[in-house]
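For what it's worth, our numbering labels the leading residue of the sequence shown as 116, then goes sequentially. Cβ coordinates follow ideal geometry from the N, Cα and C atoms, glycine included.
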Amino acid sequence: MRTLKALALVLVWGAMAQPSVAAGVWSKSKTERVDEIVRGFLAGRGENAPSAISAGVSIDGELVVAEGWGEAQPGVPAGPDTQYQIGSLTKQFTAAAVLTLIERETSVASVDTRLTLDKPLRDLFDGVASWELPGAPPLTVRSLLTMTSNLPNFTAEPPPETDPWGAMPANRLLGEVKKLSPRAWPNSFSYSNTSYFLLSEILEMRAPDTAKFAGDSRYRAFLRSELFVPAGMAATGFASDAAVTVATPTYLRRARFGKPDWFKGSGDVVSTVRDLFAWDKALMEDRIVSPQVRKAMFAASAPISPLLAYGMGFYVERAPGMTIYSHSGTVPGFTAFNAIIVETGKPGWIGITVLTNSDGIDDLQRLADALAVVALE
116 MRTLKALALV
126 LVWGAMAQPS
136 VAAGVWSKSK
146 TERVDEIVRG
156 FLAGRGENAP
166 SAISAGVSID
176 GELVVAEGWG
186 EAQPGVPAGP
196 DTQYQIGSLT
206 KQFTAAAVLT
216 LIERETSVAS
226 VDTRLTLDKP
236 LRDLFDGVAS
246 WELPGAPPLT
256 VRSLLTMTSN
266 LPNFTAEPPP
276 ETDPWGAMPA
286 NRLLGEVKKL
296 SPRAWPNSFS
306 YSNTSYFLLS
316 EILEMRAPDT
326 AKFAGDSRYR
336 AFLRSELFVP
346 AGMAATGFAS
356 DAAVTVATPT
366 YLRRARFGKP
376 DWFKGSGDVV
386 STVRDLFAWD
396 KALMEDRIVS
406 PQVRKAMFAA
416 SAPISPLLAY
426 GMGFYVERAP
436 GMTIYSHSGT
446 VPGFTAFNAI
456 IVETGKPGWI
466 GITVLTNSDG
476 IDDLQRLADA
486 LAVVALE
């Protein structure tokens with residue numbers, strides 16, 4: 116799963132006047148331009164074009180475009196309700212869930228047992244002496260959320276004695292992760308799916324049981340009950356759910372890590388363009404998480420470059436007159452991108468979501484950039 120590099124939007128928008136997001140009036144001609152842009156993107160990929168793409172554009176909480184191109188399955192047109200695996204967009208939900216749990220535990224009487232951002236991981240996991248370097252600060256929950264643990268990314272460097280093409284039960288993966296050591300001094304940015312897997316394991320330990328989703332793990336039940344259902348995300352779930360029917364995946368690379376539980380917490384969610392709009396809208400309106408949780412997710416916590424940082428489940432990029440909160444995701448057979456764009460000092464926002472049923476679409480962000488430019492005109 117790739118990390119996100121500095122957004123091309125900076126280059127595109129830097130030469131533009133700084134328009135008001137709220138003033139961006141949609142029109143039929145803009146819808147036609149979106150169609151032209153997507154079709155051009157598909158044509159430009161030739162034989163490597165995915166069979167399906169779905170895209171959504173929203174302005175100030177209104178979904179102005181929600182369309183699909185191509186076929187999700189043979190004879191089934193892609194649309195705004197086509198389900199795709201969304202890869203690392205999953206991290207937005209994992210981060211929101213952990214931060215919500217932390218917020219609720221502030222009322223717990225015992226400070227020693229309370230889950231906090233600065234809780235050392237050695238207090239949550241047994242047998243993790245290798246996670247601490249001599250003289251270095253302890254790894255904490257914050258270290259995981261902000262990608263600053265420097266624990267090796269197990270999807271880039273699979274632990275010894277594991278099979279990247281086979282199933283990996285979460286308890287076994289956790290055992291392998293406990294053997295790892297940070298590759299660098301903690302508190303510096305280093306993208307790692309390992310961190311978000313560990314966050315899902317914290318949810319397994321600390322999230323409450325819920326009868327509504329009996330049979331689910333605590334991690335999954337908490338995301339469903341606290342995020343998906345309240346946001347109205349009826350078509351969002353997990354890749355191994357029996358009710359999920361995703362677009363037929365296309366593999367441009369030999370598929371690794373496609374079986375449970377390699378992507379638990381970091382890339383195992385399935386969703387749609389329409390549902391991801393509902394998520395963006397609910398997040399921006401503080402309807403599913405508190406303003407404090409959203410502020411933490413959007414904070415530029417881990418600097419990457421002068422204009423780019425990692426927050427918690429989002430990259431945060433400063434562009435002329437605006438800030439972009441985004442993430443990309445790639446898992447076997449699928450690529451995804453989601454961005455929320457906010458003008459400095461103004462309440463409006465633009466949402467861009469693009470989902471496709473092929474991996475290796477490393478320029479999907481370029482398509483999202485082009486759609487954002489149309490929205491900003």
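Local Cβ density within 10 Å of residue i, reported as buried at 16 or more and exposed below that
i, result
"residue 501", "The first residue shown for the chain is 116 and the last is 492, placing residue 501 beyond what the model contains."
"residue 357", "exposed"
"residue 393", "buried"
"residue 380", "buried"
"residue 224", "Unreliable positioning characterises residue 224 in this predicted model, as indicated by a pLDDT of 43, which lies under 50. The coordinate reading is nonetheless provided below. Flag for residue 224 reads exposed."
"residue 209", "buried"
"residue 489", "buried"
"residue 138", "At residue 138 the pLDDT is 39, less than 50, meaning the model places this residue with poor confidence; the figure from the coordinates comes in the next sentence. Exposed, because fewer than 16 other Cβ atoms sit within 10 Å of the Cβ of residue 138."
"residue 70", "The structure shown does not extend to residue 70, since the chain is modelled only from 116 to 492, so the question has no answer here."
"residue 187", "buried"
"residue 228", "exposed"
"residue 246", "buried"
"residue 300", "exposed"
"residue 140", "exposed"
"residue 333", "buried"
"residue 189", "exposed"
"residue 373", "buried"
"residue 376", "buried"
"residue 474", "buried"
"residue 460", "exposed"
"residue 412", "buried"
Three-state class that DSSP yields for residue i in the structure shown
i, result
"residue 406", "helix"
"residue 476", "coil"
"residue 276", "coil"
"residue 334", "helix"
"residue 146", "helix"
"residue 345", "helix"
"residue 369", "coil"
"residue 385", "strand"
"residue 451", "strand"
"residue 489", "helix"
"residue 157", "helix"
"residue 400", "coil"
"residue 304", "coil"
"residue 394", "helix"
"residue 309", "helix"
"residue 130", "With a pLDDT of only 37 at residue 130, under 50, the local geometry of the prediction cannot be trusted, and the value read off the model is given with reservation. In this structure, residue 130 counts as coil in the three-state DSSP scheme."
"residue 328", "helix"
"residue 140", "coil"
"residue 482", "helix"
"residue 359", "coil"
"residue 352", "strand"
"residue 281", "coil"
CA-to-CA distance, residue j to residue i, given in whole angstroms
i, j, result
"residue 410", "residue 390", "22 Å"
"residue 427", "residue 159", "34 Å"
"residue 467", "residue 482", "10 Å"
"residue 335", "residue 257", "21 Å"
"residue 192", "residue 164", "16 Å"
"residue 176", "residue 233", "34 Å"
"residue 405", "residue 418", "24 Å"
"residue 344", "residue 196", "16 Å"
"residue 116", "residue 452", "With a pLDDT of 35 at residue 116, under the threshold of 50, the modelled position of this residue cannot be trusted, and the question is left open."
"residue 437", "residue 469", "21 Å"
"residue 445", "residue 306", "14 Å"
"residue 285", "residue 147", "46 Å"
"residue 265", "residue 395", "29 Å"
"residue 485", "residue 182", "16 Å"
"residue 403", "residue 397", "6 Å"
"residue 576", "residue 263", "Beyond the ends of the chain as shown, which are 116 and 492, falls residue 576; an answer cannot be given."
"residue 237", "residue 288", "17 Å"
"residue 366", "residue 447", "6 Å"
"residue 337", "residue 325", "8 Å"
"residue 291", "residue 274", "6 Å"
"residue 198", "residue 248", "43 Å"
Bridge partner(s) assigned by DSSP for residue i
i, result
"residue 185", "167"
"residue 420", "423"
"residue 430", "425, 441"
"residue 173", "178, 466"
"residue 261", "Paired residues: none, contrary to the question."
"residue 456", "439, 465"
"residue 255", "235"
"residue 471", "168, 450"
"residue 191", "188"
Would you list, in sequence order, the uninterrupted alpha helix (DSSP H) runs of no fewer than 4 residues that lie entirely inside the segment 193-250? 205-219
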